[in-house]
Ligand code: FDA
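In UniProt numbering, the protein residues as written are 3 to 319.
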């Protein structure tokens, strides 16, 4: 949780190439990473996708990668998504007008956003290619939120994408001071917003610090989205946030088709199944690819229990 005393250390480590090399070379067992990342290869993630769909969940797959340093890496990311969307098409799920069960989550930093000289334009071009292929495959696209220095740029690119692909979704992070206003601005008809607490290390000038303040902000943002006209996507493992989502949805007259709960692959799996059994729309976020380090470290930072599991595996139990 956000009160984990090691959170700042782990989030700094998530950005360190030196520690990445050490951790990747260490005896960190594959089985530990696969608890959060079903595999590096597309066939592994599709195996997980098929079983999640069979259990009644919807999915959003993320090809892992962020903060690239050359345009060729962005091309690799685009190719990975095009191939994944082809695999989606081979699932032959019926097209629906309502909530789509298949989604891809993309990170603009993996598509070029952070490159100097035209990075944002490159990210927009690359995102368009993915949106076009997703539309043809009957899948939704979500643009993930990264650290606060990218928020304005990301929201501008999403606005641009939505002119052509109105159902492109994005993520707002409740830990940022700006987010309640962003929720109000982006809760119009047809919008899809994923609300999460936020996974990066952010300074007090821009972000609430500590679990209590972040949770309070999450609840305010959630209410704004539920009272709005868009489609709220409640991304949290926190029982208090899930209960609030269900209560606010009922208060706003929303049925189970009018919002969804989202959780990460490998976290609270039993709870995800329980919600499905209750008739709630649940989407599981499934990452895949070789570049698991940053994602994995952010999961460790969230939960001391994950960390203890990790340390135990490092010392060989
Ligand atoms: P938090 O970490 O505060 O935990 C609260 C409570 O949840 C715990 O006290 C416990 O009860 C329960 N819980 C949490 N983990 C558990 C576990 N492993 N087992 C059992 N119980 C557990 N971030 C971002 O910055 N940009 C993004 O685009 C996204 N996208 C995204 C998509 C989806 C689908 C999810 C679920 C999350 C994200 N995030 C994200 C990450 C998000 O910002 C946040 O870091 C994590 O979800 C952790 O916050 P929680 O809301 O889960 O609660």
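Beta carbons are placed, not taken as given, at the ideal position from N, Cα and C, and that holds for glycine. Quick caveat, the model's predicted, so the values are computed rather than measured.
- The closest heavy atom of the ligand FDA lies less than 7 Å from the beta carbon of residue 240.
- Rounded to whole angstroms, the separation of the alpha carbons of residue 85 and residue 50 is 16 Å.
- DSSP assignment within the region 198 to 241 yields the following whole alpha helix (DSSP H) runs of 4 residues or more, N-terminal first: 213 to 229.
- Secondary structure note for residue 298: its alpha helix (DSSP H) is the uninterrupted segment 295 to 304.
- Here the distance from the Cβ of residue 17 to the nearest heavy atom of the ligand FDA is not below 7 Å.
- Distances from the alpha-carbon of residue 165 to those of 146, 177 and 134 put 134 closest.
- Annotation: the continuous alpha helix (DSSP H) that includes residue 274 extends over 271 to 279.
- Residue pairing by DSSP places residue 103 in no beta bridge whatsoever.
- Per DSSP, residue 11 is one residue of the alpha helix (DSSP H) stretching across 9 to 15.
- For residue 203, the CB contacts under 7 Å within the same chain, skipping 5 residues up- and downstream, are 10, 13 and 14 in chain order.
- Sixteen is the threshold: since fewer than 16 other Cβ atoms of the shown chains lie within 10 Å of the Cβ of residue 119, the residue is exposed.
- With fewer than 16 neighbouring CB atoms inside 10 Å of its own CB, residue 7 falls in the exposed class.
- When beta bridges are read from the DSSP output, residue 158 appears opposite no residue.
- Under the Cβ criterion (8 Å, minimum of three pairs), the region 79 to 94 does not count as touching the region 145 to 155.
- Placement of the Cβ of residue 256 at a distance of 7 Å or more from every heavy atom of the ligand FDA is found.
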